[in-house]
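*Asks:* Let me give you the structure first, and then I'll get to my questions.
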Amino acid sequence: MEDSQFWYERVDELAAQGLLAPDAVLNALTRMIERDVLDEETELLYLRKALDSFGTEESGTKRLTQSAFLSFLESSGFLPPSMRDAGALVYRSLLYLSQYPFYRSIPEALTYDDLVRALAWILPERSRRIYDESYDTRSRSPADFRRQLFQSFATTQNGKSAVFNAEDARKRAERRAFDFTGADRPDTRRFAAMNYDDDGDEMFHDILDVLYGTQPKEIGWRAPPRDSFRPIARELAKDRRVHVHHLSIPQDEFRAVVKLLVTTYFGKPRVAVEQLADLDHVVECITRPVVQRPDIGITWDMFEQAAGNGMPMLMRGLQRFLGPLYRDPKDEDITIDPLQPGKVATWPVLAQLGSLGIFSPIFPYVHQHKHYNVMTTSVPASTLADDLDALPKAATVILLSGKNSQTGKKDVFGYYLPYVEYREQDPPFLFQLSNLQDAFRGNAPRPGRELNGGELVFGQRGNGAMLALQQDSKKAIVSHNVSGQHEPMYAATAWRGDWQVEVEVEDIELWIEPPLEESDEEEEEEQ
């Protein structure tokens, strides 16, 4: 208790000096980001150039207005003219993020400091450096960053009309706080802690996280732990009227943003939006799991229920769309080298794969290895199994495209086997791209498939998700069993219940991504 009192007094001293007021905290955030998150010689330099070129000076301060923001990205080729409305929604998101984690009204335009903070928050792998994760604080889970993004696009509060149970909300928050699936630093899970309690929900705890992370620290001396800032955080949040469960994203706005992020997933679009024939279908497949109640928009629980598993990496499209603001548009992280799309894996479908965390972030050396036209050619499942076994070491994707035997609608299912030396911690998983997007992850032993009775089977019958390609490869059975699933190879998605579909297979594509050294050897052999 004496130690706690000492830390409370130390925090009171910081508050008395004005160092914990919102403006002071935001200023400290900016300086930390300049030092630890964005590169001064490249990214901050590009940001200043963009602001100098397109900003408007008011009272001696340059500000980037919405119209200037849209003009800049349109002139750089990253914003298709037909998507200006979606671009405006992204701008509004940046306005919100520029003031995060506080709840005050958002500004009308973005200053340099505002842009520095907003851009840092869309880079979760790097902005986590702000939090100084340790036993004195908590690690931010991937769900925290997804929620940050959700909040920035939530322009309505229709969630107030939904049934709310505080105890259930706490349980969901606890599960998310300890789930580090797909984290760039899964080892930081040891510092995971609850971020929903009697003091407040996740938005309250965001303030705590930032107060701890931005406090002045002296080298060699321990700083006040996170909990010491609770009285100050309560004071800062006392007038808060909005909670996470109140917020919602209008469905039309969400579709518009997703369409933009799919279009720019690989950077500057290379073809006109109108030429991406399956773009609207892909957007519907991605958003369908999120759109659950047409009367209230998309709440945080709806968003996370689908996005946490079914599109965890869609933010990469946002990072690349905003890339010209702070990077050379030609950088490989911003504009991906051209890929040759396939019949099934079109540009939008390749973006779907990326949003699921399939292949490396910049898709180096990803290419179609083989295409099977099942409608015109006999392709025994055993042949496909042999082809898989004969592959060089590489990350591997199988795509099966066809029609649902009952509805006649397009279905696309797939299987992903990460390259073991490249992403050793990642087991294989099954996924669905059409008529909605989902992933069935688990802990399947490699390779996660077997030839059984002439059928190529991925998973276990009756336990979780399973895909079985029949002997002639002309039909595939996909079963999805939530009831009674126990340590399945591929986990069924709880909210989707039990079902089974039969797919009349038309095309099968095999895509691979060799590791860097293998690709270099292939290039040398070709020379």
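Numbering follows UniProt numbering, with no gaps: position 214 of the sequence shown is 214. Beta carbons are placed, not taken as given, at the ideal position from N, Cα and C, and that holds for glycine.
Which residues in the same chain as F229 place their Cβ atom closer than 7 angstroms to its Cβ, once the five residues preceding and following it in sequence are excluded?
*Replies:* Hits under 7 angstroms: V11, L208, L211 and Y212.
*Asks:* Expressed to the nearest angstrom, what Euclidean distance is found between the alpha-carbon atoms of residue 557 and K410?
*Replies:* Lying outside 1 to 527, the shown extent of the chain, residue 557 is not represented and no answer is given.
*Asks:* Tell me whether the beta-carbon of G297 lies closer than 7 angstroms to the beta-carbon of S248.
*Replies:* Yes, the pair counts as a contact, with Cβ atoms nearer than the cut-off.
*Asks:* Return the Cβ separation of R320 and G354 in integer angstroms, given the expectation that the two are a contact with Cβ distance under 8 angstroms.
*Replies:* Wrong, their Cβ atoms sit about 10 angstroms apart, outside the cutoff.
*Asks:* Can you pull the DSSP bridge partners for S248?
*Replies:* Partner(s): T156 and T299.
*Asks:* Which residue spans inside the region 39 to 63 form an unbroken alpha helix (DSSP H) run of at least 4?
*Replies:* The qualifying runs are 43 to 54.
*Asks:* Using alpha carbons as the reference points, say which of Y416, P22 and E202 lies closest to F359.
*Replies:* The candidate whose alpha carbon is nearest that of F359 is Y416.
*Asks:* Can you give the Cα-Cα distance for R423 and E57, rounded to whole angstroms?
*Replies:* With a pLDDT of 48 at R423, under the threshold of 50, the predicted position of this residue should be treated as unreliable, though the coordinate-derived value follows. Going by the C-alpha atoms only, they are around 48 angstroms apart.
*Asks:* Quick one: give me the first and last residue of the beta strand (DSSP E) that I398 is part of.
*Replies:* Unbroken beta strand (DSSP E) run through I398: A395 to N404.
*Asks:* Between A381 and Q471, which are expected to be in contact by the criterion C-beta below 8 angstroms, what is the C-beta distance as a whole number of angstroms?
*Replies:* Right, their Cβ atoms sit about 6 angstroms apart.
*Asks:* On the DSSP bridge assignment, give the partners of D411 in chain order.
*Replies:* Paired residues: G402.
*Asks:* When we look at the beta-carbon of P338 and count the other beta-carbons within 10 Å, is it buried (16 or more) or exposed?
*Replies:* Label assigned to P338: exposed.
*Asks:* I need the straight-line Cα distance from I130 to P231, nearest angstrom please.
*Replies:* Roughly 21 angstroms separates the two Cα atoms.
*Asks:* Might you give, ordered along the chain, the residues of its own chain that have their beta carbon closer than 6 angstroms to the beta carbon of D36, omitting 5 neighbours on each side?
*Replies:* Hits under 6 angstroms: R129.
*Asks:* Report the partner residues of V501 according to the DSSP bridge assignment.
*Replies:* DSSP output for V501 lists V478 as bridge partner(s).
*Asks:* Out of curiosity, what's the CA-to-CA distance linking A237 and I512?
*Replies:* About 50 angstroms.
*Asks:* For D28, count neighbouring Cβ atoms within 10 angstroms of its own Cβ and tell me buried if that reaches 16, exposed if not.
*Replies:* Looking at the sequence shown, residue 28 is not Asp but Ala. Buried.
*Asks:* So, at 8 angstroms on beta carbons, what are the nonlocal neighbours of L44 in its own chain, with the 5 sequence-adjacent residues on each side left out?
*Replies:* For L44, where only same-chain residues beyond five positions count, the Cβ hits under 8 angstroms are E34, L38, V116 and Y326.
*Asks:* In three-state DSSP terms, what is D206?
*Replies:* In this structure, D206 counts as helix in the three-state DSSP scheme.
*Asks:* Drop a sphere of 10 angstroms on the beta-carbon of A494, count the other beta-carbons inside from all chains shown, and report buried for 16 or more, exposed for fewer.
*Replies:* A494 comes out exposed.
*Asks:* With respect to the alpha helix (DSSP H) encompassing A169, which residues constitute its N-terminal and C-terminal limits?
*Replies:* Its alpha helix (DSSP H) spans residues A166 to A177.
*Asks:* Taking the alpha-carbon positions, what's the F363 to A177 distance?
*Replies:* In a straight line, the C-alpha of F363 is about 30 angstroms away from that of A177.
*Asks:* Starting from residue 528, trace the alpha helix (DSSP H) both ways and give me its first and last residue.
*Replies:* In this structure the chain extends from 1 to 527, so residue 528 is not present and cannot be described.
*Asks:* Compute the distance between the beta-carbons of L79 and A118, then report whether it is under 7 angstroms.
*Replies:* Not a contact, by the Cβ cut-off of 7 angstroms.
*Asks:* Take L318 as the anchor and find which of V262, D328 and V349 has the nearest alpha-carbon.
*Replies:* Per the Cα distances, V262.
*Asks:* Determine whether the beta carbon atoms of F458 and R446 lie at a separation below 7 angstroms.
*Replies:* In this structure, R446 does not lie closer than 7 angstroms to F458 by Cβ.
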